[in-house]
Amino acid sequence: MNTLIILAGIIPGGYELILILFVVLLLFGGKKIPELMRGIGKGVREFNSARATIESEIKEGMKEEKKID
Numbered sequence: 001m002n003t004l005i006i007l008a009g010i011i012p013g014g015y016e017l018i019l020i021l022f023v024v025l026l027l028f029g030g031k032k033i034p035e036l037m038r039g040i041g042k043g044v045r046e047f048n049s050a051r052a053t054i055e056s057e058i059k060e061g062m063k064e065e066k067k068i069d
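The following block contains the structure:
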């Protein structure tokens, strides 16, 4: 329960998110934000692809282990 209280203090709320978005807009400008979002999207896709590959390798390894037994 104490962990939830601590996390509630860390996670930004509505006003904090608006302030963060405003600061990002000021720092990067309107032209750079789409490039930044594309880069983030590409990173997320690569991460998910790597995660799926690792999951499939683990599942195949578990199947091979069962066949050996």
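Residues in the sequence shown are numbered consecutively from 1, following my numbering.
Using N, Cα and C, we set each Cβ at its ideal position, and we do this for glycine too.
Remember, it's a predicted structure, so these values are computed and weren't measured experimentally.
Which runs of the alpha helix (DSSP H), 4 residues or longer, sit entirely within the segment 35 to 62? List check, alpha helix (DSSP H) in window: nothing returned.
DSSP-derived helix/strand/coil call for G29: As a first step, residue 29 is located in the sequence shown; it is residue number 29 there, counting from the start. In this structure, G29 counts as helix in the three-state DSSP scheme.
Hey, would you say F28 sits closer than 8 Å to L19, going by beta carbons? The residue given as residue 28 occupies position 28 in the sequence shown. The residue given as residue 19 occupies position 19 in the sequence shown. Cβ distance not < 8 Å, so F28 and L19 don't count as in contact.
Under 8 Å, do I33 and L26 count as touching if we go by C-beta distance? As a working note, residue 33 is residue 33 in the sequence shown. As a working note, residue 26 is residue 26 in the sequence shown. Cβ atoms of I33 and L26: not closer than 8 Å.
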